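Structure first, commentary second.
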Amino acid sequence: MNLIFLGYPGSGKGTQAKLLAERKNFAHISTGDLFREEIAKGSELGKTVKGIISSGKLVSDQIVLKVIESKIGSLKNDAIFDGFPRTVEQAEGLEILLEKYSRKVDAVLFFEVDEKEVIKRLSARRSCSCGKVYNTITNPPLKEGICDSCGAELFTREDDKPEVISKRIDVYKDLTSPLISYYRTQGLFHIINASRPGEEVYSEIEKTISQAKI
């Protein structure tokens, strides 16, 4: 089974994707994580991506599909595509790649949440170089500004700053409106109320997946 999780940055889709991966043995494919790996390595691709993300823009389809293809080829279990595709062109590219490996998209889940809530959530997010992510409101570290796992100082990602968040939301809406229509016409689109507590959201995801398997 191949799932696509869509929604504004900060809608909780990444958190839910990780939960599903842990509990149901899905492969969690996040373009954001893949790009951050490249940035951390200091590769040419990473330098390019860093400049794009810092300005609040989206990475080009060509770059995204190149990274995604390298992952699809090694997949052995069910997969969640977290925040990808973001455009109809990417969706078409993904379908071609999946078909190449005898796979298809089974369901598209859109995590619906108010824009003001998104800005509130992301502005409170703090990250660590070890990969741990905290939220000063809902999931704060034991010691303010310090990672519980490794003791390193936490930081605010460039794309989690309020001025960049607003731009990210605008860009996302412009590009993904056609994508939502695209998946609606295929009968794959499902809306998840992501404003509720995490476990309630997860329960709705499980029900949606079960229905998609029928």
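Numbering-wise (the working numbering), the sequence shown opens with residue 1486 and increments by one. Just so you know, even glycine gets a beta-carbon here, dropped at the ideal spot from N, CA and C. Quantities reported herein were computed from a predicted structural model and do not represent experimental measurements.
Pick helix, strand or coil for Leu1543, following the three-state DSSP scheme.
Coil.
Which residue's Cα is closest to the Cα of Glu1574: Phe1674, Ser1680, Val1534, Ile1665?
The shortest Cα separation from Glu1574 among Phe1674, Ser1680, Val1534, Ile1665 belongs to Ile1665.
Can you grab the Cα-Cα spacing for the pair Ala1525 / Tyr1586, in whole Å?
Going from the Cα of Ala1525 to the Cα of Tyr1586 covers about 30 Å.
Identify every residue that forms a DSSP beta bridge with Lys1628.
Bridge partners of Lys1628: Ile1631.
On the DSSP letters alone, give me the boundaries of the beta strand (DSSP E) that Phe1674 sits inside.
Where Phe1674 is concerned, the enclosing beta strand (DSSP E) stretches over 1674 to 1678.
Locate the beta strand (DSSP E) running through Gly1492, then write down its first and last residues.
It spans 1487 to 1492 - the beta strand (DSSP E) in which Gly1492 sits, taken as one unbroken run.
Using the Cα positions of Ser1539 and Ile1650, report the straight-line distance between them to the nearest angstrom.
Spanning the two alpha carbons is a distance of roughly 10 Å.
For Tyr1667 and Asn1624, what's the separation of their Cα atoms in angstroms?
Each residue's Cα considered, the two are about 35 Å apart.
In the structure shown, what three-state DSSP assignment does Ala1697 receive?
DSSP places Ala1697 in helix when its eight states are reduced to three.
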